[in-house]
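Enquirer: Residue numbers (my numbering): 358 to 833. Here it is, the structure, as structure tokens.
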RNA sequence: GGCCCCAUCGUCUAGCCUGGUCUAGGACGCCAGGUUUUCAUCCUGGUAACACCGGUUCAAAUCCGGUUGGGGUCACCA
């Protein structure tokens, strides 16, 4: 796996890393992480850190590395000198302007875009270093996923190897490293197919052995072109911040381009390692479908043990200003003190509703802050019969007052309130009750709400509802 | 434009290599129904595809050719 630290860990890079990981682990091979930072201009340490952190977060581990190409410059130089000395490579005398003109000319004459140097035998020691490409005929390689791929050697021209002896370019550094690190399988994106014949030519010039290749299908945006910034979130860090679980994201990414034998789609990383094979990788690109990711993430959220889920959720609640930490307890926005158990109950109630962890704050704000709502919210099916609402609220209040705080469980509450609700009509009683507790059109049911909020807060919210003018004035 | 890659429901895909069991299976989404005071969960059902043309064959989603369409790539980036 050889990412380039010129940006944050991209979904596509992560997918390539994941498949490399799954393959090497399945084959009990050695997985090497190589940082391709030969472009000093664009490479940054913070990107390297982001890539490594993101990979680890996803559960991807490696045996060797990170090995940085920038620290191996003398190795490339040695091989480059060898090519230069033997005449297999040369310094090109053409300047960028003339190359640009040549390209334009080739464009209009509908011929392949390539540079065949007219001055290969120069003794100059300056200028870009190119491979002297005398090869003819087909360059053929077998792709594990796609089968045989053939390209005419002449169409490649004298492509570039290095800016100068101390600054190798991608294709050259790649070939040297693959050999030096004893890489057996090159698993990378489909966008690298055009590089492969070039690298094979370099291998031949250097006398290196052939490698096995597998070119993965691309991850596509909505318009079916390579996923890019305009497709929304493209970095792993963004998905992490949005509240996607690493297990869900890894599972989802694996499903883009790979499928197990049967109908099963949910796999842990270890199960993926067991099931994985390059032969079952798809040839065509896969559109990134956020809806399916959301579904998978929801599945993983629901499977999470309660304390773990709470632990994941707490940072989002803090960020939203709904709670602050006070020792081993929490202070709510409306000034109450609640414990871990309170948070666990909320996690349990919201778990079936969460697609992303970041959804939590907006959903459960009313557990930590006084709900604000209009009187109309309390009317069941839109009939604004505030008098009946008032009567039902009063009755529920009486019932609630008579329950011991220690018996404030959903079951106990249901047992004493349901008979009344049945008598008056469930919706007539339960809807306004639920609404005054949550301040929302949709929420968990009122018994769970009361049990979680506790007797005091339940009564406080009933009082607050009764102080709303329409409800207050409804009393005769 | 040259070269290369690809082509099954809207999306991810199974099936294709080893033609018949495919009136093409699963999942997401969507729609409908059930459970339910609301929402979600859960359960049931439904929706929807072999790009096109030709060839081989008793038989083609599956093999071959072409067309069309889509994508990738052509840097002193990786």
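Even for Gly, the Cβ is constructed at its ideal location relative to N, Cα and C. If you're wondering where the values come from, they're calculated on a predicted model, not measured in any experiment.
Alpha carbon to alpha carbon, what distance is there between residue 601 and residue 623?
Expert: Their backbone Cα atoms lie some 15 Å apart in a straight line.
Enquirer: With distances taken between CB atoms, is the gap from residue 500 to residue 570 smaller than 7 Å?
Expert: Yes.
Enquirer: Judging by CA-CA distance, which residue of 799, 532 and 387 is the nearest neighbour of residue 734?
Expert: Of the listed residues, the one whose Cα sits closest to residue 734 is 799.
Enquirer: If I follow the unbroken alpha helix (DSSP H) through residue 667, where does it start and stop?
Expert: Start and end: 663–676.
Enquirer: For the stretch 710–728 and the stretch 690–697, state whether three or more C-beta atom pairs, one from each stretch, are separated by less than 8 Å.
Expert: Touching, yes, given that three or more Cβ pairs across the two stretches are closer than 8 Å.
Enquirer: Is residue 518 helix, strand or coil when you go by DSSP?
Expert: Here residue 518 sits in strand by DSSP.
Enquirer: Checking the sheet assignment: what are the DSSP bridge partners for residue 680?
Expert: According to DSSP, residue 680 bridges with 689.
Enquirer: Can you tell me which residues form a DSSP beta bridge with residue 425?
Expert: Bridge partners of residue 425: 392.
Enquirer: Using only CA atoms, which one of 770, 830, 821 and 820 lies nearest to residue 802?
Expert: Checked all of 770, 830, 821 and 820; the closest Cα to residue 802 is 770.
Enquirer: At 3 residues or longer, and completely inside the stretch 532–604: list those beta strand (DSSP E) runs for me, N to C.
Expert: Entirely contained in the stretch 532–604, the beta strand (DSSP E) runs reaching 3 residues are, in chain order, 542–546 and 569–573.
Enquirer: Within 10 angstroms of the Cβ of residue 554, are there 16 or more other Cβ atoms? Answer buried if so, exposed if not.
Expert: Classification for residue 554: buried.
Enquirer: Would you mind giving the Cβ-Cβ distance between residue 656 and residue 625, rounded to the nearest angstrom? I have them listed as a contact below 8 Å.
Expert: With a Cβ gap of about 12 Å, residue 656 and residue 625 do not count as contacting.
Enquirer: Given this structure, state the Cα-to-Cα distance separating residue 613 from residue 794, to the nearest angstrom.
Expert: Computed Cα separation, rounded: 43 Å.
Enquirer: As an exercise, report each continuous alpha helix (DSSP H) stretch of at least 4 residues that is fully enclosed by the stretch 414–475, in chain order.
Expert: Entirely contained in the stretch 414–475, the alpha helix (DSSP H) runs reaching 4 residues are, in chain order, 430–442 and 453–465.
Enquirer: So, using beta-carbon positions, are residue 789 and residue 746 closer together than 7 Å?
Expert: In contact: residue 789 and residue 746 (Cβ atoms closer than 7 Å).
Enquirer: Going by CA-CA distance only, name the one from 467, 730, 423 and 617 that's closest to residue 796.
Expert: For residue 796, the nearest C-alpha among the options comes from 730.
Enquirer: Between the stretch 384–394 and the stretch 475–490, are three or more C-beta pairs nearer than 8 Å?
Expert: Verdict: no, contact absent.
Enquirer: Cβ of residue 557 within 6 Å of any heavy atom in the ligand GTP?
Expert: This structure does not include the ligand GTP; it has no bound ligands of any sort.
Enquirer: Let me know the alpha helix (DSSP H) ranges lying completely inside the stretch 606–667, each 4 residues or longer, listed in chain order.
Expert: Within the stretch 606–667, the complete alpha helix (DSSP H) runs of at least 4 residues are 626–632 and 647–660.
Enquirer: Between residue 411 and residue 418, what straight-line distance do the alpha-carbon atoms span, to the nearest angstrom?
Expert: Rounded to the nearest angstrom, the two C-alpha atoms are 11 Å apart.
Enquirer: Does DSSP classify residue 842 as helix, strand or coil?
Expert: Lying outside 358 to 833, the shown extent of the chain, residue 842 is not represented and no answer is given.
Enquirer: On a Cα-Cα basis, can you pick out the residue from 665, 513, 467 and 786 that is closest to residue 493?
Expert: The shortest C-alpha separation from residue 493 is found at 513.
Enquirer: Count the other CB atoms within 10 Å of the CB of residue 426; is the residue buried (16 or more) or exposed (fewer)?
Expert: Result: buried.
Enquirer: Are the CB atoms of residue 686 and residue 707 nearer to each other than 7 Å?
Expert: Not closer than 7 Å, so no.
Enquirer: Please name the residue in 814, 405, 558 and 786 whose C-alpha comes closest to that of residue 594.
Expert: That would be 405, whose Cα lies nearest to the Cα of residue 594.
Enquirer: What are the boundary residues of the beta strand (DSSP E) that includes residue 486?
Expert: That run of the beta strand (DSSP E) goes 486–488.
Enquirer: Provide the residue(s) that pair with residue 498 in DSSP beta bridges, ordered along the chain.
Expert: Residue 498 is bridged to 506.
Enquirer: Given a threshold of 16 other Cβ atoms within 10 Å of its Cβ, counted over all protein chains shown, does residue 382 qualify as buried or as exposed?
Expert: Residue 382 should be labelled buried.
Enquirer: Give the C-beta separation of residue 743 and residue 827 to the nearest angstrom, bearing in mind that I take them to be a contact with Cβ-Cβ under 8 Å.
Expert: Confirmed, about 5 Å.
Enquirer: So which of 737, 373, 542 and 358 has the shortest CA-CA distance to residue 615?
Expert: Closest option to residue 615, Cα to Cα, is 373.
Enquirer: Restricting to runs no shorter than 4 residues, where is the alpha helix (DSSP H) found entirely within the stretch 693–780?
Expert: You should have 697–707, 717–721 and 743–758.
Enquirer: When you compare each of 573, 572 and 590 to residue 579 by their alpha carbons, which one comes out closest?
Expert: Out of 573, 572 and 590, 590 has the C-alpha closest to the C-alpha of residue 579.
Enquirer: On a Cα-Cα basis, can you pick out the residue from 705, 709, 670 and 699 that is closest to residue 652?
Expert: Among 705, 709, 670 and 699, the Cα nearest to that of residue 652 is on 709.
Enquirer: Excluding the 5 residues flanking residue 701 on each side, which residues of the same chain have their C-beta closer than 8 Å to its C-beta?
Expert: Correct list, in chain order: 663, 664 and 667.
Enquirer: Residues in the same chain with beta-carbon distance under 6 Å from residue 825, minus the five sequence neighbours each way, listed in chain order, please.
Expert: Cβ within range, chain order: 732.
Enquirer: Put residue 826 into one of helix, strand or coil per three-state DSSP.
Expert: The answer is helix: DSSP assigns residue 826 an H, G or I state.
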